[in-house]
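A.B. asks: Each residue of the sequence shown is one higher than the one before, counting from 0 in numbering that gives the first Met the number 0. The beta-carbon is built from N, C-alpha and C at its ideal position, and this holds for glycine as well. Supplied in structure tokens, the structure appears directly below.
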Amino acid sequence: MERFKRKIVVTATFLIFVQLLFSAVSAGPQPGASLTVSASPANPNVGDTVTVTIGVTGISDLFGYSVDIHYNNAVLQYSSTNQGSYLGGFWLSGGVVNNPPGQIRQVAETKLPPSLGVTGSGTLFTVTFQAIANGVSDITLSNIELYDSASTLITGVNLGSATVTVGTLECNTPTDPRCNDGNPCTDDTCNLATYTCQNTNDDQNTCT
């Protein structure tokens, strides 16, 4: 019976959250606020654990959020989603993983009345991955819903992103990783005009 009561409370809270999201009106923009994305390490090897941190800076009166995360599932394998300490709200969902592949949908958290919204900067949540293959994975956000304590949508927030490069790719220049032919690291040179690799002495060995 107690478990059933808890389930009712959780379900009711979730429905309230969804209702707030879909009934919210647009608040004034907060151009000084940003959703940030960072990855550590940004250049792992296969088998390493990668932690992606989703945070917020310069926000005012944040009461809840829902967000989708995109990644390259051929390079990174999802492990877990963990609530951050900044909002201190009710953890509604760690997200629906790989439906579609390479996407974590609807990571969501909300505070509960009579709590006030939070202002400032902090970590909303983290996502951990395992690096499973050499390659590049961009980490991006979409379907973002931020709302304040009056259930109004917060708009005009800057969106960050991150890039994870697993292993050492051939012709992977520090300034632009697009020049890569997928072969092991050698002494190739990169033609930045066409983003193609030019083999000068390709021995087919891995980079050491």
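Determine, using beta carbons only, whether Ala161 and Ala41 come nearer to each other than 9 Å.
C.D. replies: Yes, they are a contact pair.
A.B. asks: Give every residue of the same chain whose Cβ lies closer than 7 Å to the Cβ of Thr139, excluding the five residues on either side of it in the sequence, and list them in chain order.
C.D. replies: The residues are His69, Ser160.
A.B. asks: What is the DSSP secondary structure of Ala32, counted as helix, strand or coil?
C.D. replies: Residue state, collapsed to three classes: coil.
A.B. asks: According to DSSP, Gly159 sits in a beta bridge with which residue or residues?
C.D. replies: None, per the DSSP bridge assignment.
A.B. asks: Report back the beta-carbon spacing between Ala80 and Val126 to the nearest angstrom; my notes put them in contact at under 8 Å.
C.D. replies: For clarity, residue 80 is Thr in the given sequence; the question names Ala instead. Rounded, the Cβ-Cβ distance is 5 Å, consistent with contact.
A.B. asks: Helix, strand or coil: which one does DSSP assign to Thr151?
C.D. replies: Of the three classes helix, strand and coil, the one that applies to Thr151 here is coil, per DSSP.
A.B. asks: Note down the Cα distance separating Gly46 from Thr151, rounded to an integer number of angstroms.
C.D. replies: So the alpha carbons of these two residues sit roughly 43 Å apart.
A.B. asks: Return yes when the Cβ of Val135 is within less than 9 Å of the Cβ of Asn71, no when it is not.
C.D. replies: Cβ atoms of Asn71 and Val135: closer than 9 Å.
A.B. asks: Identify every run of the beta strand (DSSP E) within the stretch 40-73, keeping only runs that are complete inside it and at least 3 residues long; order them along the chain.
C.D. replies: Listed in chain order, the complete beta strand (DSSP E) runs (minimum 3 residues) inside the stretch 40-73 are 48-69.
A.B. asks: Taking Asn142 as the reference, give the member of Pro28, Gln29, Gly57, Ser65 with the closest Cα.
C.D. replies: The candidate whose alpha carbon is nearest that of Asn142 is Ser65.
A.B. asks: When you compare only the Cα positions, how much space is there between Val95 and Phe89?
C.D. replies: In a straight line, the C-alpha of Val95 is about 17 Å away from that of Phe89.
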